[in-house]
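Numbering (the working numbering), first residue to last: 40 to 266. Worksheet: the structure to be examined is printed underneath.
This is the structure in structure tokens:
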């Protein structure tokens, strides 16, 4: 799951909980070696006297637990498999590692896009709620539940809100630009424009499988309300 899928059920929750649902992904960008651990987040939520810290910890824990079930669903296995094959057909059979990575990541980005296109105002709401948090407070909370400490998260959060790159997921060309930025960050070769056809096909696949990816058993949001 990506930022918006993690956040959607909690847009009206405590803004620090909402920010917490983004923390593991933020840290992968801001300071990758400093990883939030579920065990540490759960322990912190239990013992802290600070409601703010508890909210951030519980949001981060929710993210980690949601990823656990999401990555084991039949829908995720099938959709990532389809997208991996499409990338392999486009990029060639010798690029299997990058194609597998792309199948996983693009499924998650296109799932965010499918949710956003059903009701774009909820993405506006997401960014508005994040404006309510103090990035330094979020960073201090994270430093209590991560292995290592970061001084970079408080710098990333305002940039994340200002850039609003989740809006770019709606169209294939801007999405490709964002996807190539991800590949550069993890030291993989960027993609040619030829993959725009793969993104378009993948978009149709994911749009048809939203409920198979976000199963009603686990995902506490009435997707049927997004029309």
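Every residue gets a Cβ at the ideal spot worked out from N, C-alpha and C, and that includes glycine. What you are looking at is a predicted structure, and each value in this text was computed from that prediction instead of being measured.
Residue 46 to residue 57 span [Cα, whole Å]: Rounded to the nearest whole angstrom, the CA to CA distance from residue 46 to residue 57 is 6 Å.
Per-residue DSSP class, three states only, for residue 52: The answer is coil: DSSP assigns residue 52 none of H, G, I, E or B.
DSSP three-state assignment for residue 185, whether helix, strand or coil: Three-state result, residue 185: strand.
Alpha-carbon to alpha-carbon, residue 264 and residue 155: Taking the CA atoms as reference points, residue 155 sits about 12 Å from residue 264.
Rounded straight-line distance, which links the Cα of residue 113 to that of residue 105: In this model, residue 105 and residue 113 are separated by some 15 Å (Cα to Cα).
Ranges of the alpha helix (DSSP H) found wholly within the region 137-182, counting only runs of at least 4: Whole alpha helix (DSSP H) segments, 4+ residues: 160-169, 174-181.
Residues of its chain near residue 267, where Cβ-Cβ distance is below 7 Å and the 5 sequence neighbours each way are ignored: Limits of the chain in this structure are 40 at one end and 266 at the other, which puts residue 267 out of reach.
Range of the contiguous alpha helix (DSSP H) that encloses residue 131: Run containing residue 131: none; DSSP gives neither H nor E here.
Beta-carbon proximity check, residue 99 vs residue 80, cutoff 7 Å: Taking 7 Å as the Cβ cut-off, residue 99 and residue 80 qualify as a contacting pair.
Burial state of residue 198 (16 or more Cβ within 10 Å): Exposed, by the Cβ-count rule.
Range covered by the alpha helix (DSSP H) that runs through residue 218: Unbroken alpha helix (DSSP H) run through residue 218: 211-224.
Simplified DSSP assignment, three categories, for residue 86: Note: residue 86 maps to helix in three-state DSSP.
Status (buried if at least 16 other CB within 10 Å, exposed otherwise) for residue 170: Looking at its Cβ environment, which holds fewer than 16 other Cβ atoms inside 10 Å, residue 170 is exposed.
Nearest-angstrom Cα separation, counted from residue 251 out to residue 41: Put simply, the backbone Cα of residue 41 is about 16 Å away from that of residue 251.
Straight-line Cα distance separating residue 82 from residue 305: Past the edges of the chain, shown from 40 to 266, lies residue 305, and the structure says nothing about it.
Spatial distance of residue 253 from residue 61 (CA atoms): If I take the Cα positions, the gap works out to 17 Å.
Between the CA atoms of residue 259 and residue 176 - distance to the nearest angstrom: Distance between the alpha carbons of residue 176 and residue 259: 27 Å.
Segment contact, 8 Å Cβ cut-off, at least three pairs: the region 123-130 with the region 178-196: Verdict: no, contact absent.
Residue of 174, 76, 241 minimising C-alpha distance to residue 54: The closest CA to that of residue 54, considering only 174, 76, 241, is found on 174.
Test item: CB-CB of residue 208 and residue 214 under 7 Å: Less than 7 Å separates the beta-carbon of residue 208 from that of residue 214.
Span of the alpha helix (DSSP H) around residue 235: Unbroken alpha helix (DSSP H) run through residue 235: 235-247.
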